[in-house]
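Residue numbers (my numbering), protein chains in the order written: chain R, 1 to 224; chain W, 1001 to 1224.
Have a look at the structure below, then the notes.
Protein chains: 2
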Amino acid sequence: MHSSTTENYLKHLLLLQQQQDDESPVSTGKLATSLEVTPGTATVMVKGLAESGLVDYESRGGVRLTRSGQKAALDVLRRHRLVELFLVRVLGLDWSEVHEEAEILEHAVSEKVLQKIDLMLGKPAFDPHGDPIPDARGRLADRRLLSLPECKEGQRVEVSRVDDQSPQFLRFAEGRGLTPGASLTIEAVDEVADAVTLRGKGGEPLVIGFAAAKKILVSPLSDG
Amino acid sequence: MHSSTTENYLKHLLLLQQQQDDESPVSTGKLATSLEVTPGTATVMVKGLAESGLVDYESRGGVRLTRSGQKAALDVLRRHRLVELFLVRVLGLDWSEVHEEAEILEHAVSEKVLQKIDLMLGKPAFDPHGDPIPDARGRLADRRLLSLPECKEGQRVEVSRVDDQSPQFLRFAEGRGLTPGASLTIEAVDEVADAVTLRGKGGEPLVIGFAAAKKILVSPLSDG
DNA sequence: TCCGTTATTTTGAGTAGTCAAAATTGATTT
DNA sequence: AAATCAATTTTGACTACTCAAAATAACGGA
Chain R
1 MHSSTTENYL
11 KHLLLLQQQQ
21 DDESPVSTGK
31 LATSLEVTPG
41 TATVMVKGLA
51 ESGLVDYESR
61 GGVRLTRSGQ
71 KAALDVLRRH
81 RLVELFLVRV
91 LGLDWSEVHE
101 EAEILEHAVS
111 EKVLQKIDLM
121 LGKPAFDPHG
131 DPIPDARGRL
141 ADRRLLSLPE
151 CKEGQRVEVS
161 RVDDQSPQFL
171 RFAEGRGLTP
181 GASLTIEAVD
191 EVADAVTLRG
201 KGGEPLVIGF
211 AAAKKILVSP
221 LSDG
Chain W
1001 MHSSTTENYL
1011 KHLLLLQQQQ
1021 DDESPVSTGK
1031 LATSLEVTPG
1041 TATVMVKGLA
1051 ESGLVDYESR
1061 GGVRLTRSGQ
1071 KAALDVLRRH
1081 RLVELFLVRV
1091 LGLDWSEVHE
1101 EAEILEHAVS
1111 EKVLQKIDLM
1121 LGKPAFDPHG
1131 DPIPDARGRL
1141 ADRRLLSLPE
1151 CKEGQRVEVS
1161 RVDDQSPQFL
1171 RFAEGRGLTP
1181 GASLTIEAVD
1191 EVADAVTLRG
1201 KGGEPLVIGF
1211 AAAKKILVSP
1221 LSDG
């Protein structure tokens, strides 16, 4: 069994890799920032992970998960996201607060408990924020999603994923009806104004900046 | 927030105190045994707990929880036992396996999550083994229970608590119908044979040794 | 090519928790 | 009172993780 610390290093590494092209190595500096430790700490730890065969690492060459490291990382991610969904669906916590809870619980739930949760939720493929949940074998459902600024004006879309774990942003999104499952019409995408205008079910138009709009990922709706 | 280690020291201390008269101090040696650490380790740690005001300690005089230590310990115990009940009732784990799970989860569940669990279970007073769950303010329901060897022959009783957390014993008890809520008639209590004979609902008599019988705690049934 | 900037690594030190083994204490026996 | 024994405490060392600060490497520009 890996320590919580090790699990966190692997998880952050996986997310950073996915954020990049998933192919090129992650710099120890990026990793350190992501984990909120000093660069030196990350370097030292990464050497240990390499010793354990969880990552490939060459001095000043960045870090990459090995196959075994990736497997372990996917397992942590699976625990994190299943726990999030469980907290929302079964315990009724708000989606804006479950990320923090899951940060701790992900290191504490056993395989046995996780299986019960998985079954109870019907082997779900996505967590409350629309992030994909790795299945028991570590496979991720993949969807080609558009971010709002990528949409065409007039397009009808459904919110599929909200890519920001901060409670503030999640509460904002919820307040505006921008939660997974909601349908929207893109009224305008204005590069110059740095803004996207939407219309939801309710009818009242909503204008949000590009930075926020980029975090809302949607699937096109076969307009009907 | 206390570390998992500290929480474990406090919890074991509380249980050892309850096991004794609850008044006299616990020796560092007993504590060490209970926690499965070496005596020296326990001594060092206890000094730290005393520094933090969680225990009273004098060299070679044993340890006792202060009021604040006791509060913290009861909180850990509450988390442990609520989690146990939750795992049995909501996730459907077997009562023989929840103790181990709770040993880890008790350090990971937040107050927020705990409150949801507490509510969902209806603010229960006892865990799956019949152990009392401290309420939110740390108060324990107290019941005067008899152990099987203390019962009179012919007495009708109800199993209220099974005082052994080992999966083996719990599976044995479950297999014999000796779970909280079951009613029994005491057929014989034989000091010399070191055995107690019972008859359950089913009718077939059951003989168990004193050591095992002491772990089964019962309430007398107003015979009707 | 040399210089300066920036990222990265190394080093020394600190905290929390642990063990093994030696030293101490207190109690018991003689 | 002295010797012995068991429990307890002290000590030195180790692991895992962390930071601060110094050393090193890499890269781009003059």
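Every residue, glycine too, gets a C-beta built ideally from N, C-alpha and C.
Quantities reported herein were computed from a predicted structural model and do not represent experimental measurements.
Straight-line gap, residue i to residue j (C-alpha atoms, nearest Å)
i               : j               : result
L1087 (chain W) : A1188 (chain W) : 36 angstroms
G1092 (chain W) : P1167 (chain W) : 16 angstroms
T66 (chain R)   : G53 (chain R)   : 7 angstroms
L1173 (chain W) : K1215 (chain W) : First, the amino acid is wrong: residue 1173 (chain W) is Ala here, not Leu. Taking the straight line from one Cα to the other gives about 10 angstroms.
D1190 (chain W) : L1074 (chain W) : 38 angstroms
D1022 (chain W) : R1161 (chain W) : 20 angstroms
S96 (chain R)   : P1132 (chain W) : 34 angstroms
V83 (chain R)   : L119 (chain R)  : 12 angstroms
L13 (chain R)   : L217 (chain R)  : 22 angstroms
Q165 (chain R)  : Q1165 (chain W) : 39 angstroms
L1085 (chain W) : V1109 (chain W) : 14 angstroms
K1123 (chain W) : R1144 (chain W) : 21 angstroms
V192 (chain R)  : A213 (chain R)  : 14 angstroms
T1041 (chain W) : H1099 (chain W) : 25 angstroms
Helix, strand or coil at residue i according to DSSP, with G and I counted as helix
i               : result
P1128 (chain W) : coil
R1089 (chain W) : helix
G181 (chain R)  : coil
V1159 (chain W) : strand
R1137 (chain W) : coil
R229 (chain R)  : This structure leaves residue 229 (chain R) out entirely; chain R is present only between 1 and 224.
V218 (chain R)  : strand
R1199 (chain W) : strand
P1205 (chain W) : strand
E106 (chain R)  : coil
D118 (chain R)  : helix
A1212 (chain W) : helix
Neighbour flag for residue i against chain W, beta carbons, 8 angstroms
i              : result
G203 (chain R) : no
G92 (chain R)  : yes
L14 (chain R)  : no
G224 (chain R) : With a pLDDT of 48 at G224 (chain R), under the threshold of 50, the modelled position of this residue cannot be trusted, and the question is left open.
A108 (chain R) : yes
I104 (chain R) : yes
V113 (chain R) : yes
Sequence-distant residues of its chain with Cβ nearer than 8 angstroms to residue i (five each side left out)
i               : result
E111 (chain R)  : none
L49 (chain R)   : T6, Y9, L10, V55, Y57, V63 and G69
Q1020 (chain W) : V1026
E1103 (chain W) : H1080
Same chain only: Cβ atoms within 6 angstroms of residue i, ignoring 5 sequence neighbours per side
i               : result
V207 (chain R)  : A195 and T197
S4 (chain R)    : H107
P1134 (chain W) : L1074, L1077, R1078 and L1140
Proximal residues to residue i (C-beta, below 7 angstroms), its chain only, five neighbours per side dropped
i               : result
V1159 (chain W) : L1178, T1179, P1180, G1181, A1182, L1184, I1216 and V1218
R235 (chain R)  : Examination of residue 235 (chain R) is not possible in this model, given that chain R is present from 1 through 224 alone.
Residue i at chain R interface by Cβ criterion, 8 angstroms
i               : result
E1280 (chain W) : Absent from the model: residue 1280 (chain W). The displayed extent of chain W is 1001 to 1224, so no value can be given.
I1133 (chain W) : no
K1011 (chain W) : no
Next item on the list: Output the residue ranges of the alpha helix (DSSP H) runs that lie fully inside the region 55 to 85 of chain R and measure 4 residues or longer, sorted by chain position.
Entry: none
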